[in-house]
Amino acid sequence: IIGTLMDVSEEIEKRKRIEHERDYDLLTNRYNRRAFERIAQDLFDRQKSKLEPISAMLMMDMDNLKFINDTYGHMEGDNALMIVSMVLKLVCGPRGHFISRYGGDEFVVFANLPDDDAANELCAAIEEKLEKRSIGLPYALKMSIGYARLRKGETEESLGRRADESLYEIKKRKKVDRV
1 IIGTLMDVSE
11 EIEKRKRIEH
21 ERDYDLLTNR
31 YNRRAFERIA
41 QDLFDRQKSK
51 LEPISAMLMM
61 DMDNLKFIND
71 TYGHMEGDNA
81 LMIVSMVLKL
91 VCGPRGHFIS
101 RYGGDEFVVF
111 ANLPDDDAAN
121 ELCAAIEEKL
131 EKRSIGLPYA
141 LKMSIGYARL
151 RKGETEESLG
161 RRADESLYEI
171 KKRKKVDRV
């Protein structure tokens, strides 16, 4: 019986390790895009049945990662990504929001926010924490953050498209402000 329990325990641990490697980004230890796609569908299915409400999707893109990589090297760029990931966990994690590294320097958060003010407050909290975490670094950590609030009957794809459009409006404004 003891040998059988050890075999089962080892198999369970092995399965957990494989699932973690499948679902998590190696660098940031946040959900990867594959897991995002699967979990997002599950969240939307539960949203429809009112088991787990989500009301907003935030799409984020690091500002100037290419500059960091080109100026300080890719290891420092990786460090910047890890810091951003940590800040998202510190700000969004305790609130129960779903965080994913969508790819490259992009992150996505699903959140249950009651209104636009709450979404703007969350964006501001992320930006403020990044600014504080930038102290002592030779560069500023900044994000462009766009969001969309879920509309009744909206699909995951439509919400994602609107959040992405919002992100790129923010990025355009930042480019205009720099000129």
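Note that our numbering has the sequence shown beginning at 1, numbered continuously upward. Where a beta carbon is used, it is the ideal one built from N, C-alpha and C, also for glycine.
- Closest in alpha carbon position to F44, among S134, I68, F98 and H20, is F98.
- Runs of the alpha helix (DSSP H) spanning 4 or more residues and lying entirely within the region 31-94 occur at 33-48, 65-72 and 74-92, in chain order.
- At a Cβ-Cβ threshold of 8 angstroms, D105 and L137 do not count as neighbours.
- Under the DSSP assignment, R151 falls outside any beta strand (DSSP E); it carries neither an H nor an E label.
- Counted as a single uninterrupted DSSP element, the alpha helix (DSSP H) harbouring I126 occupies residues D116 to R133.
- In this structure, the straight-line span from the alpha carbon of H20 to that of N32 is close to 10 angstroms.
- For Y168 against A56, the beta-carbon gap comes to about 17 angstroms, at or over 8 angstroms, which does not count as contact.
- With a 10 Å radius around the Cβ and a threshold of 16 neighbouring Cβ atoms, I18 comes out exposed.
- Per the C-alpha coordinates, the member of G77, R151 and E11 positioned closest to T28 is G77.
- The Cβ-Cβ distance between D25 and R133 does not fall below 8 angstroms.
- For G103, the enclosing beta strand (DSSP E) begins and ends at F98 to G103.
- Counting every other CB atom within 10 Å of its CB across the protein chains shown gives R149 a total of 16 or more, marking it as buried.
- The C-beta distance from N64 to K142 rounds to 7 angstroms, short enough to fall under 8 angstroms.
- Annotated three-state conformation of Y139 is coil, per DSSP.
- Straight-line measurement puts the Cα of A35 at about 19 angstroms from the Cα of A163.
- Between the alpha carbons of D61 and G160 lies a distance of about 14 angstroms.
- With a beta-carbon spacing of about 7 angstroms, V87 and I126 fall inside the 8 angstroms limit used to define contacts.
- A straight line joining the alpha-carbon of M59 with that of S85 spans about 13 angstroms.
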